[in-house]
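Number of protein chains: 8
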Amino acid sequence: MDSFADLGFARVDTSREARQGAPEAIVAEGKTPAEIRAIAQALLDAEASSVLVTRADAEARAALREVAPDAQEDERARLAWVARDVPEARGTVAIVSGGTSDLPVVREAQVRAELLGTNVVVHVDAGVAGLHRLEPALPDLKRADCVVVVAGWDAALASVVGGLVGAPVIAVPTSTGYGATFGGVSALLAMITSCAAGVAVVNIDDGFGAGTIAARIARQSA
Amino acid sequence: MDSFADLGFARVDTSREARQGAPEAIVAEGKTPAEIRAIAQALLDAEASSVLVTRADAEARAALREVAPDAQEDERARLAWVARDVPEARGTVAIVSGGTSDLPVVREAQVRAELLGTNVVVHVDAGVAGLHRLEPALPDLKRADCVVVVAGWDAALASVVGGLVGAPVIAVPTSTGYGATFGGVSALLAMITSCAAGVAVVNIDDGFGAGTIAARIARQSA
Amino acid sequence: MDSFADLGFARVDTSREARQGAPEAIVAEGKTPAEIRAIAQALLDAEASSVLVTRADAEARAALREVAPDAQEDERARLAWVARDVPEARGTVAIVSGGTSDLPVVREAQVRAELLGTNVVVHVDAGVAGLHRLEPALPDLKRADCVVVVAGWDAALASVVGGLVGAPVIAVPTSTGYGATFGGVSALLAMITSCAAGVAVVNIDDGFGAGTIAARIARQSA
Amino acid sequence: MDSFADLGFARVDTSREARQGAPEAIVAEGKTPAEIRAIAQALLDAEASSVLVTRADAEARAALREVAPDAQEDERARLAWVARDVPEARGTVAIVSGGTSDLPVVREAQVRAELLGTNVVVHVDAGVAGLHRLEPALPDLKRADCVVVVAGWDAALASVVGGLVGAPVIAVPTSTGYGATFGGVSALLAMITSCAAGVAVVNIDDGFGAGTIAARIARQSA
Amino acid sequence: MDSFADLGFARVDTSREARQGAPEAIVAEGKTPAEIRAIAQALLDAEASSVLVTRADAEARAALREVAPDAQEDERARLAWVARDVPEARGTVAIVSGGTSDLPVVREAQVRAELLGTNVVVHVDAGVAGLHRLEPALPDLKRADCVVVVAGWDAALASVVGGLVGAPVIAVPTSTGYGATFGGVSALLAMITSCAAGVAVVNIDDGFGAGTIAARIARQSA
Amino acid sequence: MDSFADLGFARVDTSREARQGAPEAIVAEGKTPAEIRAIAQALLDAEASSVLVTRADAEARAALREVAPDAQEDERARLAWVARDVPEARGTVAIVSGGTSDLPVVREAQVRAELLGTNVVVHVDAGVAGLHRLEPALPDLKRADCVVVVAGWDAALASVVGGLVGAPVIAVPTSTGYGATFGGVSALLAMITSCAAGVAVVNIDDGFGAGTIAARIARQSA
Amino acid sequence: MDSFADLGFARVDTSREARQGAPEAIVAEGKTPAEIRAIAQALLDAEASSVLVTRADAEARAALREVAPDAQEDERARLAWVARDVPEARGTVAIVSGGTSDLPVVREAQVRAELLGTNVVVHVDAGVAGLHRLEPALPDLKRADCVVVVAGWDAALASVVGGLVGAPVIAVPTSTGYGATFGGVSALLAMITSCAAGVAVVNIDDGFGAGTIAARIARQSA
Amino acid sequence: MDSFADLGFARVDTSREARQGAPEAIVAEGKTPAEIRAIAQALLDAEASSVLVTRADAEARAALREVAPDAQEDERARLAWVARDVPEARGTVAIVSGGTSDLPVVREAQVRAELLGTNVVVHVDAGVAGLHRLEPALPDLKRADCVVVVAGWDAALASVVGGLVGAPVIAVPTSTGYGATFGGVSALLAMITSCAAGVAVVNIDDGFGAGTIAARIARQSA
Ligand SMILES: Nc1ncnc2c1ncn2[C@@H]1O[C@H](COP(=O)(O)O)[C@@H](O)[C@H]1O
Ligand SMILES: Nc1ncnc2c1ncn2[C@@H]1O[C@H](COP(=O)(O)O)[C@@H](O)[C@H]1O
Ligand SMILES: Nc1ncnc2c1ncn2[C@@H]1O[C@H](COP(=O)(O)O)[C@@H](O)[C@H]1O
Ligand SMILES: Nc1ncnc2c1ncn2[C@@H]1O[C@H](COP(=O)(O)O)[C@@H](O)[C@H]1O
Ligand SMILES: [Mg+2]
Ligand SMILES: [Mg+2]
Ligand SMILES: [Mg+2]
Ligand SMILES: [Mg+2]
Ligand SMILES: [Mg+2]
Ligand SMILES: [Mg+2]
Ligand SMILES: [Mg+2]
Ligand SMILES: [Mg+2]
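Take a look at the structure:
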């Protein structure tokens, strides 16, 4: 029943969407434009509801446009995507970030979640250094089916939010910061040892993963 | 609106359950039996639906029994708990572990999730070294509202399960193993870099955290 | 001008108090009771305003009592001390901790700061998992000349406090927690990468160091 | 009472100065020139006493100049700032560095401290490899209300200074050096485990943080 | 009996092939084109069965062509090689990779193994996120004398294959991925702690090492 | 075709031997004696050719004896095993260790390899600090079908052997040593970065894994 | 020419002294008393000038006494040794430590250096927190042929001494301290990145190694 | 007595040579050409016997030439130096490296040692992968007053040499290699845990430090 398209250099998992409700996506790094093109084509041929290319430089994004003229992109977030048969939106994901520099990761999570068919509301730069900036976001956070917290540095925002809301919290450490932030490691450690129960963590800068699990949670909660 | 019981050595967050749907729990390590007793009493006085003491040695478990004769315990998992007004079960969490030695963490997740009011089904020792052992678990995993994967060593089970099911996957790295397992660090790293999208990770050996988020997901999905 | 008492196995820095305003203290670990006795005696002979023994087991604490019958002790915090000519208290240090298990470190900071001649006010268990528990502490924190934040796990409390008060903040990571807390490393990293400016950090579990610098700041601010 | 300017991509904490006595600053890395411009404008609109942009390349520094023609800059330290209503200087901060290469971090600490309204005296390249070079700095260090030690490599200077002065010492590890300096990690570890009590540490290369806490200490000590 | 060619800057181990059945190869990084040329010439003079230059940029690959016009190359895998007296192929190595981005490492292993005289069969992109993609590879894997698993991220494929085949498994962690993959460290740790017995690991991205040991195993098994 | 015995707390992989030529073994740590007994019984019932219990204290070893009176044990190596239908020995594995303290790991590798049906020859304490002690071992090492190098500290022996023999080399880092050996991590790193090609590495102290892969290589080479 | 005594479990390098001027020594950890006895006997039979057992608990020290009634011991330093034909002392080694707790390592270095035939002068507890305590040691340090600095915590003493003396400096990091000392790692890193040129480092707590190289330097300098 | 030249941005330690027998050197990284020029001039004015600039790109090397037309340079080793009053050579240092890529570090050690007044003999590329290549170097190594071993990867050469020679061994880990070499960390760890006693280690790639201590040892041994 499970199938894939064998391109030689890639076995495109065309049955992932049927199996798991979310189509395979393409990490552009480490792939040639030709490979991206072929993989995207294979996914489109298999009627993927959407195709998302992440970590995509200009060349990689152009590759998608060649096989899908209706492709959209976000340069700063290094994303290109094409929405074909996106499921009707169900449930709501609220994304909140600690700072402005977390924006690319916020966007990656947002685009993925929307492509999987969920509503997304975003609050950027509500970090703990000025906690009152979180307040206007609280109604959205408390109302959401899943909350995604995107933060670098000490990532304290994840614990603060994790102590306030009743929804599942997905935390995304980001590589923003310098020195002992160690490219997001300190944020990851703070998030995974959060004193607030009910917080689970994805890889550093992995907006894609966060968007995937958050959309699943939100959709099945609606 | 938010309140706490001030015991001097502890500010027991008696409003956590109202605020977040899950009562505060007690980590026994670092607390005296008298402190555990007092905190448990404060939670019971505030009509917590349940009180759970984790990382509890015999003395700590006895402390709970003194204030709650109806307390139950699991020695191997170092747990004591009392179920008072547990919400009616909604939704299902499936827990699967890689090995037998993961049992204490499995139990911690299970007890917490059940106390929060969800159904739990458990499959122990279905690790990747003998992948066919996972097959009988698959129907349960595919049917669950949330899947919890508990694994030490290389934690490859998280990725395998994460590539098969459509539900959100919460991964719990365990400290089982020796040498370069580094007390669960290698498992944590493998899980957080899982090639399967939709997997989020909690702290090493943190069955409690996994049970908390899993129950939230399951209950709101039902 | 600078002097020391040469005991062969130790060169007791008897001029430290004159030079730096805070007497030498004794880390008991790695020293025999006889050595502790002799060092304490040398400090008392040199008219130290106080003698503090940290990381002291029962034997080490007894050693101090033998040379100073007026010695006090705190078993849980593994402290013994004798106050002889403590300067009149000037300024105020506010200490706040994330959890109950941080108590020994809180106490070490408090005793040291008081022995150096400052007022200390303490708030235990005001962690971020239930942020409303911090509110009653805020007036004290905002009024203090120096704030000491003691926290383990993700240590998010340091950033929250660091974003609210105008006084210098000294953060003490503690080794409470398990798994990826790595004995306080995650707390240390979160504190040192705090998104709140004006937070400086001492060693893991180093209540002594925090008490020393906090007392200096408070006294010179009064 | 607390307020912020909502720019969509940023919630500028315009009440930070009123709340904590030090205005919000801007880390340029991760922000576009347009964002820097807008944030700086919002701070100026809110009558910040100064605006400081750190980690700023030429483009980022130009962005500040566009909204504040009176902006100053330090290319090597990657700083741009505008001083508008800087408080009258109170107290003194002494900054001492181990080597010449630490200069950019020294400058960042100095500029921030001066903008917050304190006097700063600087001694560069007084490292332990030639300890006699520290002697001419000692009177300034002993007279200061707060001493900032900036050092890379082994950072031994922090402990030496920490054993000589009575003022609070803020240590800034720098990323100077190669090999096992690990980008400042070895310096950070040496500073945070300093055998001299009363030393507290900020992030690697974080002149900004050091300047902030040092100015607070110095001002309230005067 | 053992000999070498002394070039001053290099002592080319011309007897390695006689001693160990595999000729010395050349890591291009850290060597000048002139050095590569001279070393390659020395190996050819000593009648090496093949000369392989790894980690070779365009200049380094050109260097080999200058002394061996019959040289071949693979730009993406940064390889250049010349096959002179390659032993007749004996035994079979099966290489399987988790993703498309692992291709350069796959190629390095393949070329080295073939130059040592063994048959190589390759399956790319059969990772665990879509396990059914492994199935068509299984007959080849079960039939091989040695299986090489090349994978980045969580490297779960190594354990899955290690639990299915009876042949020795050589695992090669790759540096594909971002965030907490730490340049292949997480993959290395997962592979070396594999719950499947009979898996041994080489350095991150070390296709060369894997090809060497795999060819030895395959040839002596035939 | 693949089967397992479901004991509730364990799914004993009774088909592993048929599938992979080596029976499942039992890590005693983390299991109760009753569990060990039941798992061993299940393996014996399924006609495993041998049952091996590793990391076994006295209680765990006694558990095996209860179900298999013919069990043997090695206290220092913490092993218990029963040999029932061990295949006739084919091929030869040579094990060489750097020091005397590596003996438990040497023994674990030896017992496992012998139980899988291969000849084993052992040379203990031939480390690089006195390289001439390796010489008498060389004929055995050069003659073997697979060489296992067991070493702690700097593990230099692996590279020396790896530069001398033509057979595949399996390296086992051990946790012998103190200080910067970091429980075997330094040995692991040295082995995995060996300048000798054709060396592959298993987990720290993992004699079991080394014995498994070495026996496979030796048997198929004979 | 090079020889060894083959005891089966050990190949005692009886020619090390002739080859390298320093007899093989015995690390007791990981060896049985019987093994220690036999190795010591083999060394004595081969007319070692001395036999030194390090990391020796009471049992291990007793083992040496059984074969050498003239053995001496130091319980705190966990040493036992027998001096038989110690070369006449040549040259001088000066050992200086940062604190009292470094004593066991100081002693290990001292005993080893004396057994190799050199004069040793010791200064304990002259750390940087009270730098004036170093002054009385300076004449000895400046006069020595080799200086050994033993220090834990931040190990700043190594750099201070390294900037003052003209002799080669051997630095020994110790595991004294807690928290971010990481068992001596921070000291090791500070020493190996010392801003003072001419400092070389041995393993954490490795008084033995320091004593060996220091004695070699001192003897050949006399 | 001790003096320095105060340049504002640098306090040039002009008395280092009188105090310690080796003139201060200049790390070019982090300094402007103008600063390098001024520091070099200050050293020449103070009659340094030599001036050495390390980690020097073309600009930095040109800076030295401007103040010292007789300056020499080594581009690959990124060195510039001027020899003015180099002491007559005494004693011999033997440098041996594992590979060709270690050449820059070898050269840095050699130049520094020669400038301090000692004879240097060099053997490049004698690594353990082909141990017979070490043999021709052995007479030089055994004859030397100090042996410097320069090696990357597993750095096994340090232990092999450390087990053969009677002279003090200074080991220099290099950053050659990829993957788990971690920029020289694995080499550092292997060297510092060497099973051969009498090996001491300097920083990764620190030919300068090795040359300094080796020259000291050699000169005082002659
Ligand atoms: N096993 C556990 N792991 C992690 N967190 C826990 C665990 N058990 C309880 N908790 C949480 O830890 C907090 C208790 O912290 P404390 O104030 O130290 O008792 C509570 O808020 C619980 O939600
Ligand atoms: N390559 C090198 N590695 C380590 N230290 C060096 C090197 N070159 C010079 N030095 C030392 O580093 C110090 C220079 O530090 P700085 O003040 O930054 O110039 C001098 O005291 C030199 O002894
Ligand atoms: N890609 C590679 N990875 C690891 N080792 C390699 C690689 N290519 C060649 N080698 C080995 O590295 C050694 C070359 O080291 P060098 O003396 O620096 O040229 C040779 O003995 C090769 O066997
Ligand atoms: N930004 C991302 N981070 C993590 N995983 C991703 C990302 N984008 C795509 N993926 C997943 O990575 C896999 C792509 O692997 P590959 O075979 O290398 O293309 C897909 O199955 C995606 O689900
Ligand atoms: Mg912001
Ligand atoms: Mg099992
Ligand atoms: Mg609490
Ligand atoms: Mg300098
Ligand atoms: Mg793929
Ligand atoms: Mg031995
Ligand atoms: Mg002391
Ligand atoms: Mg070479």
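Protein chains in written order, with the numbering used here: chain A, 1 to 222; chain B, 223 to 444; chain C, 445 to 666; chain D, 667 to 888; chain E, 889 to 1110; chain F, 1111 to 1332; chain G, 1333 to 1554; chain H, 1555 to 1776.
Note that CB positions come from ideal geometry on N, CA and C, so glycine has one too.
With its beta carbon less than 8 Å from one in chain G, residue 1722(H) belongs to the interface. For residue 1456(G), there is no enclosing alpha helix (DSSP H), as DSSP marks it with neither H nor E. Flagged as an interface residue toward chain G: residue 1235(F), by a C-beta distance shorter than 8 Å. When beta bridges are read from the DSSP output, residue 326(B) appears opposite no residue.
Of 491(C), 517(C), 513(C), the smallest CA-CA separation from residue 502(C) is found for 517(C). Residue 54(A) has its Cβ no nearer than 7 Å to any heavy atom of ligand 9.
Separation of the CB atoms of residue 720(D) and residue 750(D) is rounded to 18 Å, and the pair is thereby denied contact status at 8 Å. Taking the Cβ of residue 1656(H) as the reference point, every heavy atom of ligand 12 lies at 7 Å or farther away. Taking a Cβ-Cβ cut-off of 8 Å, the neighbours of residue 646(C) in chain D comprise 858, 865, 866, 867, given in sequence order.
Judged by DSSP in its simplified three-state form, residue 961(E) adopts strand. At a cut-off of 8 Å between beta-carbon atoms, residue 37(A) makes no contact with chain E.
Three or more beta-carbon pairs drawn from the segment 1262-1273 of chain F and the segment 1706-1724 of chain H are found closer than 8 Å, and the two stretches are therefore classed as touching. Counting along the chain, residue 931(E) sits inside no beta strand (DSSP E); it lies in the alpha helix (DSSP H) bounded by residues 921-933. Taking a contact to require three or more Cβ pairs closer than 8 Å, the segment 1562-1572 of chain H and the segment 1466-1478 of chain G do not qualify as touching. Annotated as distal: residue 1603(H) and residue 1587(H), with beta-carbon spacing of 8 Å or more.
The beta carbon of residue 649(C) is closer than 7 Å to those of 549, 618, 619, 628 in its chain, skipping five residues each way along the sequence. For residue 629(C), there is no enclosing beta strand (DSSP E); the enclosing alpha helix (DSSP H) has its first and last residue at 629-636.
In the structure shown, residue 1024(E) adopts helical secondary structure according to DSSP, grouped into three states. The C-beta of residue 513(C) has fewer than 16 other C-beta atoms within 10 Å across all chains shown, which makes the residue exposed. Interface criterion met: the Cβ of residue 820(D) is under 8 Å from a Cβ in chain G.
The beta carbon of residue 1305(F) lies closer than 7 Å to those of 1269 in the same chain, with the five residues before and after it left out. With a cutoff of 7 Å, residue 1362(G) does not count as near ligand 10, since its C-beta is closer than that to no heavy atom of the ligand. Just so you know, the alpha carbons of residue 837(D) and residue 868(D) end up roughly 6 Å apart. Taking a beta-carbon distance threshold of 8 Å, residue 90(A) does not count as an interface residue toward chain B.
Shortest Cα-Cα distance from residue 241(B) to any of 67(A), 162(A), 125(A) involves 162(A). Ranked by Cα distance from residue 1067(E), the first of 62(A), 209(A), 120(A), 114(A) is 209(A).
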